[in-house]
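Asker: Below is a structure I'd like to ask you about.
Residue numbers (the numbering used here), protein chains in the order written: chain D, 347 to 806; chain C, 4 to 378.
This is the structure:
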């Protein structure tokens, strides 16, 4: 059946859900109509256009029930690990142990958006002196204080060094408030000196061997803390199994991205692709279910691509998107303006690359951690963005600034210059607050102007 | 590009911005360290006017690109914006830029080892910039000269106006070996009571806490003292807090670079350290020792590291804290700051001396010192 794929509103999703149920929809235990999340306070759903597939329904339900999952895990006796400023390394280690559940407290940065600021997390952060000059990740501080969004973890880890100041400063406040933190150092990735022993990392970066060794020893310290918490040894065998599972997620995402970004007709909206990619870094607190969710999504995309079904007009301009948005709605805006996402660098492109399975597991994870685009020079990151944008045939680039984020202040100049110089395609920089309604006309105008410029550029 | 000329020689200047960069290491390579204090915040900065850019980081980019030290600049990873600032300087390609990776964690031998390796790597950069690798004995000799100059300054701290003390500290960090002692001595000779201080009025002991100063901002120190304050503790970046510990002679002779690492990396309490309780331990000792009655907390807008500590400091501090946020060179901002300082001093004067202080952490837990600085 070549049923047209569409982006639909929450209201339409109510009818669509009934249709799916009537057609025999099978759902996991966290399933149900999306509207129930609005009753729980996830008001932003009412303003979003979402993909109308059963696979997307499962993705949304999986995302919006993480809190319940964590509380069930706690009630079931699992040990909870909060992995701050960690884009895909410590969660792999944590999930290699039995009865350990890791989550990404920084993910609270989307709560002000999803709950349209009704949760009061930013106000709590304000009251602790962490105002809106900080990145929206300050919502995490509020979530730790009010304990309404995730259970307080049994162990809290945080990478520092070549990381953003916002999170580092907020994590320090958390520790001062009585939440002990296992700090681990991620050094600024530098280019090896002439004659220095070097390692080619997964992806396209290179690092000195001594930096890889340093990070490996840092991770061994984290592993010891995890093993101590779990009362199990985190040996190579366990770790290798954890890496294989993480790679399963990454391979699914790789195929999903390849299909979604290159198909003639865009088979899946940018919004769902953004959420799917996020699963790579923390598995939404359940790696096995992440795999199932991604398999369903990939199945849907394969069907659509085979049938030539898209959710956007074929002439949609191909846009490479840099940095995640604080307000999910902006991904809709791009598509409304005539664009489609054909490539992304949401700060964690390294977490989409397979973890080497032919190395000692801790060595492989150390290499992955150092391959993080954010721990090196923005010039390195720009080179990866340019390579990926070229690979996916981007016609324009959006650099989406995160308000208050320490890295966003200056990186745009480096990234924008590199894209213009190497790819010669239009670039626009926008800033997206957690709720963008007030600036939506300006954002829409900028995105429309980019699309028009790209069309004009392409026709010449 | 013009080479920086010293007053008495032709040493090439290597600029740096952070107290975790040891100037004696640069001087021991036969180069002239220059502790750059950008002249002013970049109202016309290349990057300083962008939303979100720390004006100090923007001013540092400008200073580097304007040739503040043409042989090269050393930037550090001590804050994210400076890390990105280094990338901008590199991108421009006008001046060689070395990014010194200073670990945020500090409680492990691994972190200390990384810092030492980075200092060694800096040494190789300095050689490429025309320096000569020092012998251990040569390094030890230069280190002792700096140590003497800093000790002389500290001994005279109470006789110096706050601005003189701050500028002398920076001068010592900017002088070549031959000049260091002279500068410290000159400072001693020029020491006078604070210019313009109100006669017969009680002077309120203040601590200055926060980020680094640009040169133009040092006038604020005069304003504070003219208004009846007395900065008895300069705990801002670049002040007394970020001085290295005195060198231990025996360790210096055995392993000068190891001693340099200890004196800097192990001993300087800083806001970027994780954890940074050592900053509070140091402040707790010094505030009590100097009988401080108020803290002037000076931070740049968009500086997350200092800004995040403001609320914690207020909860922790037994004395009132005045928050001065600095955005740009706007004259009205200076006037506003002066007004706030005057009001703060007036409040403290009326409040009288506080009862015995309690210095405890935010959670009431005991704060462990990051490293002792016996003086």
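Glycine residues also receive a C-beta, built at the ideal position from the N, C-alpha and C atoms.
As the structure is a prediction and not an experimental result, all values here were calculated from the model.
Can you find the residues in the same chain that come closer than 7 Å, C-beta to C-beta, to residue 622/D, ignoring five residues on each side of it along the sequence?
Answerer: Closer than 7 Å at Cβ, skipping near neighbours: 405, 599, 602, 640 and 643.
Asker: Output yes or no for whether 8 Å exceeds the beta carbon distance between residue 80/C and residue 24/C.
Answerer: Cβ atoms of residue 80/C and residue 24/C: not closer than 8 Å.
Asker: How do the segment 355-363 of chain D and the segment 376-392 of chain D stand: do at least 3 beta-carbon pairs fall below 8 Å, yes or no?
Answerer: These segments touch.
Asker: Note down the Cα distance separating residue 51/C from residue 520/D, rounded to an integer number of angstroms.
Answerer: Because residue 51/C sits at a pLDDT of 48, beneath the cut-off of 50, its placement in the model cannot be relied upon, and the following sentence gives the value as read from the coordinates. For residue 51/C and residue 520/D, the distance between alpha carbons rounds to 30 Å.
Asker: Please state if the CB of residue 507/D and the CB of residue 533/D are separated by a distance shorter than 8 Å.
Answerer: Yes, they are a contact pair.
Asker: Cβ atoms of residue 696/D and residue 422/D: under 8 Å apart, would you say?
Answerer: Taking 8 Å as the Cβ cut-off, residue 422/D and residue 696/D do not qualify as a contacting pair.
Asker: Residue 71/C versus chain D: which residues are under 9 Å apart at the beta carbon?
Answerer: The premise fails here: residue 71/C is roughly 19 Å from chain D at the closest Cβ pair, so nothing lies under 9 Å.
Asker: What three-state label does DSSP hand residue 738/D in the structure shown?
Answerer: Residue 738/D: coil per DSSP, three-state reduction.
Asker: Going along the chain, which unbroken runs of the beta strand (DSSP E) with 3 or more residues stay wholly within the segment 149-189 of chain C?
Answerer: DSSP runs (the beta strand (DSSP E)) wholly in the segment 149-189 of chain C: none.
Asker: Please compile the residues from chain C whose C-beta is within a distance smaller than 7 Å of the C-beta of residue 480/D.
Answerer: Ordered by position in chain C, the residues that pass the 7 Å Cβ test against residue 480/D are 307.
Asker: Is residue 551/D close to chain C, meaning its C-beta is less than 8 Å from at least one C-beta of that chain?
Answerer: Not closer than 8 Å to any Cβ of chain C, the Cβ of residue 551/D fails to qualify, so no.
Asker: Can you tell me which residues form a DSSP beta bridge with residue 138/C?
Answerer: DSSP output for residue 138/C lists no bridge partner at all.
Asker: Along the chain, where does the beta strand (DSSP E) containing residue 454/D start, and where does it finish?
Answerer: Segment: none, residue 454/D is in no beta strand (DSSP E) and carries neither H nor E.
Asker: Entirely within the segment 643-701 of chain D and at least 4 residues each: give me those alpha helix (DSSP H) ranges in chain order.
Answerer: Segments of the alpha helix (DSSP H) lying fully in the segment 643-701 of chain D: 675-682.
Asker: Extract the residue ranges of the beta strand (DSSP E) inside the segment 727-776 of chain D, only unbroken runs of 3 or more that lie entirely within it.
Answerer: The segment 727-776 of chain D contains these whole beta strand (DSSP E) runs: 742-747.
Asker: Please report the straight-line C-alpha distance between residue 638/D and residue 129/C, rounded to a whole angstrom.
Answerer: Between residue 638/D and residue 129/C, the C-alpha separation is close to 55 Å.
Asker: Note down, in chain order, all residues in the segment 276-295 of chain C with a beta-carbon under 7 Å from any beta-carbon belonging to chain D.
Answerer: For the segment 276-295 of chain C, which is checked against every Cβ of chain D, the residues closer than 7 Å are 277, 278 and 279.
Asker: Assign residue 350/C to one of two classes, buried (16 or more other C-beta atoms within 10 Å of its C-beta) or exposed (fewer than that).
Answerer: So residue 350/C ends up on the exposed side.
Asker: Note down, in chain order, every chain D residue with its Cβ under 8 Å from the Cβ of residue 98/C.
Answerer: The premise fails here: residue 98/C is roughly 16 Å from chain D at the closest Cβ pair, so nothing lies under 8 Å.
Asker: Can you check whether the CB of residue 568/D is closer than 8 Å to the CB of residue 516/D?
Answerer: No. Outside cutoff.
Asker: So which residues of chain C does residue 475/D contact, with C-beta pairs closer than 8 Å?
Answerer: The contacting residues are 310, 311, 313, 314, 315 and 317.
Asker: Can the beta-carbon of residue 149/C be found closer than 8 Å to that of residue 262/C?
Answerer: Contact flag unset, no.
Asker: Check whether the segment 582-589 of chain D touches the segment 705-724 of chain D, taking contact to mean three or more Cβ pairs, one atom from each stretch, closer than 8 Å.
Answerer: Segments in contact, yes.
Asker: Cβ closer than 8 Å: which chain D residues qualify as neighbours of residue 86/C?
Answerer: What residue 86/C touches in chain D: 508 and 534.
Asker: Checking 8 Å against the spacing of the C-beta atoms, do residue 107/C and residue 265/C come in under that value?
Answerer: It is not a contact, given that the beta carbons lie outside the stated cut-off.
Asker: Taking the C-alpha atoms as reference points, what is the distance between residue 802/D and residue 213/C?
Answerer: Roughly 50 Å separates the two Cα atoms.
Asker: I believe residue 274/C touches residue 209/C by the beta-carbon criterion, under 8 Å. Please report the beta-carbon distance rounded to the nearest angstrom.
Answerer: Not confirmed; about 19 Å, so no contact.
Asker: So is residue 126/C in contact with chain D if we call contact Cβ pairs under 8 Å?
Answerer: It does not; no Cβ of chain D falls within 8 Å.
Asker: Quick check: what's the CA-CA separation for residue 767/D versus residue 668/D?
Answerer: Each residue's alpha carbon lies about 17 Å from the other.
Asker: Measure from the C-beta of residue 516/D to each C-beta in chain C and report whether the shortest distance is under 8 Å.
Answerer: At least one chain C Cβ lies under 8 Å of residue 516/D.
Asker: Kindly list, in the order they appear in chain D, the residues whose Cβ is closer than 8 Å to that of residue 120/C.
Answerer: Per Cβ cutoff of 8 Å: 556.
Asker: Against residue 63/C, what residues of chain D qualify as contacts under a CB-to-CB distance less than 9 Å, listed in chain order?
Answerer: Those within 9 Å of residue 63/C in chain D number zero; the least Cβ separation is about 11 Å.
Asker: If you drop the 5 nearest sequence neighbours on each side, which residues of the same chain put their C-beta closer than 6 Å to that of residue 488/D?
Answerer: Hits under 6 Å: 467, 470 and 471.
Asker: With burial defined as no fewer than 16 other Cβ atoms inside 10 Å of the residue's Cβ, what is the status of residue 453/D: buried or exposed?
Answerer: Answer is buried; the Cβ neighbour count reaches 16.
Asker: What residues of chain C sit near residue 455/D, judged by a beta carbon separation below 9 Å?
Answerer: By Cβ distance, chain C contributes nothing, its closest Cβ being about 15 Å from residue 455/D, past 9 Å.
Asker: List the residues of chain D whose Cβ lies closer than 7 Å to the Cβ of residue 90/C, in chain order.
Answerer: The answer, in chain order, is 723, 724, 725 and 760.
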